[in-house]
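In order, the protein sequence lines correspond to chains S and F.
So the mapping is simple: the numbering used here equals the position in the first sequence, first residue as 1, plus 2.
So the mapping is simple: the numbering used here equals the position in the second sequence, first residue as 1, plus 12.
Okay, so here's the structure we're looking at.
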Amino acid sequence: MIARVEIHPGRYHDSVRLMQASKALQNVEGVTDALVAMATELNLSLLADMGFDMDAVADAGPNDLVLALRAENEGAIATAHLVLDDALTHKAAPSGGLDAPDPKTVGSAAAVGDANIALLSVPGEHAFVEAMEALESGRHVMIFSDNVPIEQEIILKTYGGDHGLLVMGPDCGTTIVNGIGLGFANAVQPGSVSMVGASGTGIQQMCALLDDAGIGVRHALGTGSRDLSEDVGAASTLQALQALDEDPATDLIAVISKPPAAPIAEKVRRAAETCGKPVVITFMGERTLEEGAGDVLAALGKPPAQYGSWPAANEDHRPGSVRGLFSGGTLSSEAQFVVAPILGEVGSREGGEGHTFVDYGDDEYTQGRAHPMIDQTVRIERLSAAARDETVGVILMDVVLGYGANANPATELAPFIEQAVTAGAAVVVSLCGTRGDPQGRDAQAEILNRAGASVFLSNAAAAREVARLATARTSA
Amino acid sequence: MSDLSNLLDTEPVVATAGTDLLAESIEQQGAEVIRTDWRPPEAGTEAALAALAADGRNTKANETAVARMLAVRPQFVDVSVARDVFPDMTPRTFFHAGPPLTWDRASGPMRGAIIGAMMYEGLADGPEDAEAKAMRGEIDLSPCHHHGAVGPMAGVTSPSMPVAVVADGAGDGVAYSTLNEGLGKVLRYGAFAPEAIDRLHWMDAVLGPVLSAVLQSRGPIDLQSLIAQALQMGDDGHNRNRAVTSLFLRELGGALVDGADAPVDQRADVFRFIDGNDHFMLNLVMAAGKLGSDAASDVPASSLVTVMARNGTDFGIRLSGTGDEWFVAPAPPVDGLYLGSFTEEDASPDIGDSTITETVGLGGFAMAAAPAIVGFVGGTAAGAVRRTLAMYEITLAEHPMYQIPMLEFRGTPVGIDAARVVRTGVLPQINTGVAGKVPGTGMVGAGLVEAPMECFAQAIRALAATLD
Numbered sequence: 003m004i005a006r007v008e009i010h011p012g013r014y015h016d017s018v019r020l021m022q023a024s025k026a027l028q029n030v031e032g033v034t035d036a037l038v039a040m041a042t043e044l045n046l047s048l049l050a051d052m053g054f055d056m057d058a059v060a061d062a063g064p065n066d067l068v069l070a071l072r073a074e075n076e077g078a079i080a081t082a083h084l085v086l087d088d089a090l091t092h093k094a095a096p097s098g099g100l101d102a103p104d105p106k107t108v109g110s111a112a113a114v115g116d117a118n119i120a121l122l123s124v125p126g127e128h129a130f131v132e133a134m135e136a137l138e139s140g141r142h143v144m145i146f147s148d149n150v151p152i153e154q155e156i157i158l159k160t161y162g163g164d165h166g167l168l169v170m171g172p173d174c175g176t177t178i179v180n181g182i183g184l185g186f187a188n189a190v191q192p193g194s195v196s197m198v199g200a201s202g203t204g205i206q207q208m209c210a211l212l213d214d215a216g217i218g219v220r221h222a223l224g225t226g227s228r229d230l231s232e233d234v235g236a237a238s239t240l241q242a243l244q245a246l247d248e249d250p251a252t253d254l255i256a257v258i259s260k261p262p263a264a265p266i267a268e269k270v271r272r273a274a275e276t277c278g279k280p281v282v283i284t285f286m287g288e289r290t291l292e293e294g295a296g297d298v299l300a301a302l303g304k305p306p307a308q309y310g311s312w313p314a315a316n317e318d319h320r321p322g323s324v325r326g327l328f329s330g331g332t333l334s335s336e337a338q339f340v341v342a343p344i345l346g347e348v349g350s351r352e353g354g355e356g357h358t359f360v361d362y363g364d365d366e367y368t369q370g371r372a373h374p375m376i377d378q379t380v381r382i383e384r385l386s387a388a389a390r391d392e393t394v395g396v397i398l399m400d401v402v403l404g405y406g407a408n409a410n411p412a413t414e415l416a417p418f419i420e421q422a423v424t425a426g427a428a429v430v431v432s433l434c435g436t437r438g439d440p441q442g443r444d445a446q447a448e449i450l451n452r453a454g455a456s457v458f459l460s461n462a463a464a465a466r467e468v469a470r471l472a473t474a475r476t477s478a
Numbered sequence: 013m014s015d016l017s018n019l020l021d022t023e024p025v026v027a028t029a030g031t032d033l034l035a036e037s038i039e040q041q042g043a044e045v046i047r048t049d050w051r052p053p054e055a056g057t058e059a060a061l062a063a064l065a066a067d068g069r070n071t072k073a074n075e076t077a078v079a080r081m082l083a084v085r086p087q088f089v090d091v092s093v094a095r096d097v098f099p100d101m102t103p104r105t106f107f108h109a110g111p112p113l114t115w116d117r118a119s120g121p122m123r124g125a126i127i128g129a130m131m132y133e134g135l136a137d138g139p140e141d142a143e144a145k146a147m148r149g150e151i152d153l154s155p156c157h158h159h160g161a162v163g164p165m166a167g168v169t170s171p172s173m174p175v176a177v178v179a180d181g182a183g184d185g186v187a188y189s190t191l192n193e194g195l196g197k198v199l200r201y202g203a204f205a206p207e208a209i210d211r212l213h214w215m216d217a218v219l220g221p222v223l224s225a226v227l228q229s230r231g232p233i234d235l236q237s238l239i240a241q242a243l244q245m246g247d248d249g250h251n252r253n254r255a256v257t258s259l260f261l262r263e264l265g266g267a268l269v270d271g272a273d274a275p276v277d278q279r280a281d282v283f284r285f286i287d288g289n290d291h292f293m294l295n296l297v298m299a300a301g302k303l304g305s306d307a308a309s310d311v312p313a314s315s316l317v318t319v320m321a322r323n324g325t326d327f328g329i330r331l332s333g334t335g336d337e338w339f340v341a342p343a344p345p346v347d348g349l350y351l352g353s354f355t356e357e358d359a360s361p362d363i364g365d366s367t368i369t370e371t372v373g374l375g376g377f378a379m380a381a382a383p384a385i386v387g388f389v390g391g392t393a394a395g396a397v398r399r400t401l402a403m404y405e406i407t408l409a410e411h412p413m414y415q416i417p418m419l420e421f422r423g424t425p426v427g428i429d430a431a432r433v434v435r436t437g438v439l440p441q442i443n444t445g446v447a448g449k450v451p452g453t454g455m456v457g458a459g460l461v462e463a464p465m466e467c468f469a470q471a472i473r474a475l476a477a478t479l480d
């Protein structure tokens, strides 16, 4: 049996609270006697009655806290100290029945509910400070914001890498963690395929294609559009790749990126080779996501998929160039990649002669308004203009479904698609969505199709259709 | 480290800042979201905040600084005389509250207190004489804070005044304050009427020596324990000190009755004086605060606020990471209640070192413990609680000793982080007395005030400039 008497000078607690604490100490296994009290005469006499050595408390007064323990072993004494600290530390609802003010920084918000991820969509110039705070408090960070200086991105990713925290972004549009989508994300079936993607719509397109082929997704970790740049060096992609390789519930990893810097692409390929699991890499500018999805299916031993499409009732259209009106950057550049060998050069800015594919999700078109996946005003205006423009023969649009996106984009677009088709243009829609998406993928497809558009779940297929329509007309 | 298991193996719980739409779409999927009431930082501090975050030392430095602040164990050990404890004090030196000040910029109550102190020291025959001499530069002014001291309101400390000596039971620090004169026509509120001067003479002749003798006979008094108890009895440690003063008198009682070599009538007068002044303990609470404040100073890269103080003209703050530098802005007016026929027209801007209490987790930060104070601005008890709760957003720790029953004994918010002030726009909440603006008036009211944002913005920019 061990007896221990300690004095904590000047540490004051209310007597009722100390009685509760004493009771908690008495319930600790291995503790036979316990008293924690202010060292008043009464309490000291209690202590003497309990048979404790009073020498230790000779100098103690009523403003000092005395802790007396008798226990079977040191382990019980140590446990009793933890129990005491716990009993004397506040932990109940802190507001005294009143609502605490809303947290003002993401660090304090994360502490309120013990969050494991901080999601930032504050203006880019302010994202760094919030992100650093979240990291320093041990949270993973997704930065949806763009316009974050690259030096800050490097600092964040270096810190994250050193501390076992993933920095997703900046300019990270999509992440899915355990089936929960952050940012713009599609509803996925549970599965064993995980993704790492330095491209938001790249991840979304891969989710949509796999979903249509009946393949579920476990995680899709966005890393931000610049992750595979030379300066950032794929910091987050490599970190996520390794973690997913060690994740027992992941069987296959798909890596997706906007066109990477050549040495960084090489670095990622080498890292993929050391993984214990199959890794399917799709770098934009090298091949399409449809090809990437095909490799995923093959690696899983599945047959190639025929992705859903809803052909237009009438494919006659007036001659003219192709207008691509995109909301997803990767979908736009993938479509250019597909059509360029067939149609020749495609401009990516408005106002050019000939074929142009413009990404209306680019900063230039989102100043002061929501992203075109949410707010279609600008694209609808351009769709109307293209319908009126006799030099435009084919219009290609993407429609991205999922959480975070417009609740019913097809219904908003339908009258303007009808207008364009009536005016003689062909309209092709690349519909990026899954069957579980809240908008209802097939219902959206049918609305668009009824308005006169041909609809494809594969963006590459939509682009090929555009090339076919444009060339068929030219040769005719 | 590549193990992201607490990302990959758990249901996400997401803290969001920014577009509400993203928070909604996560909730739509059944996951838990904690939203942030985010706003951009104070204009002009963005680059400094980014530099602090990039430097990487700030968080650890703040942990170090606040731990030092909380580690002190203030003990009231003695009462001495100003000229004996301040080596830099000459017969014509006057310490004052707040950041550095010159006579020409001094407010009414500050001038009144300096005039009174000059008369008390025998350096002037009357108010006009004192004013003329002060104007000619025949006295030296220096902030209390530059000498390990603090003083409430004008905070004027002159060579003959008795000063409380508060020593750190857990370290080497020592802090000083004058003894509290009571309310009404008193020097610290700028009064220099004969009754104020007479009281000062009694304090140096009787109060100081008797207290010193009593402390020698009974030993030091643990101030932190008294303050902790008083917070559970309705005090805030700044504007309400009735409980702590009563507890102090109980501590003193036995030794005061025993004698301690002082005549019985003097001991009785000392008892009556302390008993008649609910604010007697304010100065000791302040000295205890100064001990913590000094202990937390000089941690490189720390944005912990070690000092908030006002001289009636300027409001000044200091940070742990910026050494002795002051960051000042005009002292704001106080929102409050006025005595008798006084109105806000009669009030001087905010004044005093007593905001040291707020820097160590008392006063406005502990208002939930003393809800009656919010009555000064016509608020409610719930409002007092809300004011305290708001302070957790800008502080680095919860006080391990000072607890608030109403908040389930949560520790008071302590250790103001200037970076969090400029990021959140939440300003430190201060409870304070109000002095009359005309020299010689004395106290006119009491109320609430917020520290000016400009001080914190300047301080954060200066701290960023210290980083390599």
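Glycine included, each C-beta is placed from N, C-alpha and C at the ideal position.
Count the other CB atoms, across all protein chains shown, that sit within 10 Å of the CB of residue i; report buried if there are 16 or more and exposed otherwise.
i, result
"A478 (chain S)", "Confidence at A478 (chain S) is low in this model, with a pLDDT of 43, below 50, so its placement is unreliable and no value can be given for it."
"G160 (chain F)", "buried"
"V346 (chain F)", "buried"
"I283 (chain S)", "buried"
"G98 (chain S)", "Its pLDDT being 47, under 50, G98 (chain S) is placed unreliably in this model, and the value from its coordinates should be taken loosely. It is buried - the Cβ of G98 (chain S) has at least 16 other Cβ atoms within 10 Å."
"G196 (chain F)", "exposed"
"T290 (chain S)", "buried"
"E263 (chain F)", "buried"
"N70 (chain F)", "buried"
"V30 (chain S)", "buried"
"M52 (chain S)", "exposed"
"M3 (chain S)", "exposed"
If you check the beta carbons only, do residue i and residue j fall under 7 Å apart?
i, j, result
"G333 (chain F)", "P312 (chain F)", "yes"
"V282 (chain F)", "V222 (chain F)", "yes"
"V456 (chain F)", "F292 (chain F)", "no"
"G202 (chain S)", "G171 (chain S)", "no"
"P164 (chain F)", "L294 (chain F)", "yes"
"P344 (chain F)", "V461 (chain F)", "yes"
Name the chain F residues whose beta carbon is nearer than 7 Å to that of residue i?
i, result
"I79 (chain S)", "In chain order: nothing, as chain F lies at least about 21 Å away."
"N180 (chain S)", "E23 and P24"
"D249 (chain S)", "L20"
"Y405 (chain S)", "S37, Q40 and Q41"
"I501 (chain S)", "With chain S represented from 3 up to 478, any question about residue 501 (chain S) goes unanswered, as that position is not in the structure."
"P374 (chain S)", "Correct list: empty, because the minimum Cβ distance to chain F is about 14 Å."
Would you mind telling me which residues of chain S sit closer than 7 Å to residue i, beta carbon to beta carbon, in chain order?
i, result
"V438 (chain F)", "K106"
"E44 (chain F)", "G115"
"M413 (chain F)", "R13 and Y14"
Applying a beta-carbon distance threshold of less than 8 Å, which residues of chain S neighbour residue i?
i, result
"A29 (chain F)", "T107, V108, A111, A120, L121, L122, S123, V124 and E132"
So which residues of chain F does residue i contact, with C-beta pairs closer than 8 Å?
i, result
"F146 (chain S)", "G30, T31 and L34"
"P479 (chain S)", "In the structure displayed, chain S extends from 3 to 478; residue 479 (chain S) sits before or after that span and is not available."
What residues from chain F crowd round residue i, counting only those whose CB sits closer than 9 Å?
i, result
"Q2 (chain S)", "In the structure displayed, chain S extends from 3 to 478; residue 2 (chain S) sits before or after that span and is not available."
Check your understanding: If we count Cβ pairs, one from each stretch, closer than 8 Å, do we get three or more for the stretch 453-464 of chain S versus the stretch 83-93 of chain S?
Key -> no
Review point. Taking a cut of 7 Å between CB atoms, which residues from the stretch 11-44 of chain S lie near chain F?
Key: P11, G12, R13, Y14, D16 and R19
Practice item. Taking only beta carbons into account, state which residues of the stretch 168-201 of chain S come closer than 7 Å to chain F, listed in chain order. Key: Interface annotation for the stretch 168-201 of chain S against chain F: L168, V179, N180, I182, G183, L184 and G185, criterion Cβ-Cβ distance under 7 Å.
Exercise for review: Check whether the stretch 19-38 of chain S touches the stretch 60-80 of chain S, counting contact only when three or more Cβ pairs, one atom from each stretch, lie closer than 8 Å.
Suggested key: yes
**Study point:** Given 8 Å, three or more beta-carbon pairs between the stretch 185-193 of chain S and the stretch 206-226 of chain S
**Key:** yes
Exercise for review: Examine the Cβ distances between the stretch 365-382 of chain S and the stretch 300-314 of chain S and report whether three or more of them are shorter than 8 Å.
Suggested key: no
Exercise for review: Evaluate the contact criterion for the stretch 392-412 of chain F versus the stretch 335-342 of chain F: three or more CB pairs, one atom per stretch, below 8 Å.
Suggested key: Taking a cut-off of 8 Å on C-beta distances, the stretch 392-412 of chain F does not touch the stretch 335-342 of chain F, as fewer than three cross pairs fall below it.
Check your understanding: Which residues, taken in chain order from the stretch 56-88 of chain S, show a beta carbon closer than 7 Å to some beta carbon of chain F?
Key -> N65
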